[in-house]
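In the numbering used here, the protein residues as written are 196 to 295.
Backbone N, C-alpha and C fix where the C-beta goes; we use that ideal spot for every residue, glycine too.
In what follows, a structure is listed as structure tokens, so that the remarks can point back to it.
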């Protein structure tokens with residue numbers, strides 16, 4: 196399923212923007228998914244380490260489920276979703292195509 200996003204483009208002829216739809220190719224979409232996955236794995240590892248440190252510094256018992264729940268909360272706050280990367284890539288293509 197191809198990812199697409201619309202961006203407003205202003206013209207000299209009208210005060211209203213014209214909406215241009217940008218579609219990512221399969222390769223571009225897959226590239227952004229791989230990038231998001233790699234970064235999310237790294238963020239999850241960092242979140243687990245941070246949760247472990249927080250529990251240790253606060254004298255909390257290091258129960259694995261508590262640590263994982265805390266890590267997931269941290270991860271949710273930090274994680275960038277695939278959509279973010281795809282939208283950025285679409286914006287790049289839009290800027291390259293229409294902002295010459």
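For this session: Using three-state DSSP, classify residue 253 as helix, strand or coil.
Result: The answer is coil: DSSP assigns residue 253 none of H, G, I, E or B.
For this session: Look at residue 263 and residue 246 and say whether their C-beta atoms are less than 9 Å apart.
Result: Yes, these two residues count as a Cβ contact at 9 Å.
Exercise. Taking the alpha-carbon positions, what's the residue 213 to residue 284 distance?
Worked result: For residue 213 and residue 284, the distance between alpha carbons rounds to 20 Å.
For this session: Let me know the secondary structure DSSP gives residue 211 once reduced to three states.
Result: Residue 211 falls in the strand class under three-state DSSP.
Problem set entry | DSSP-derived helix/strand/coil call for residue 293 | Of the three classes helix, strand and coil, the one that applies to residue 293 here is helix, per DSSP.
For this session: Please look up how many angstroms separate the CB atoms of residue 224 and residue 281, rounded, as I've assumed it's under 8 Å.
Result: Sure, about 6 Å apart at Cβ, within 8 Å.
For this session: Could you check which residue in 197, 292, 293, 267 has the C-alpha nearest to that of residue 236?
Result: Considering only 197, 292, 293, 267, the residue with the shortest C-alpha distance to residue 236 is 267.
For this session: Determine the direct distance from the alpha carbon of residue 243 to that of residue 218, and round the result to whole angstroms.
Result: In a straight line, the C-alpha of residue 218 is about 36 Å away from that of residue 243.
Exercise. Which two residues bound the contiguous beta strand (DSSP E) that contains residue 202?
Worked result: Note, residue 202: beta strand (DSSP E), 199-206.
Exercise. Where residue 293 and residue 208 are concerned, what is the direct C-alpha to C-alpha distance, given to the nearest angstrom?
Worked result: The alpha-carbon separation between residue 293 and residue 208 amounts to approximately 15 Å.
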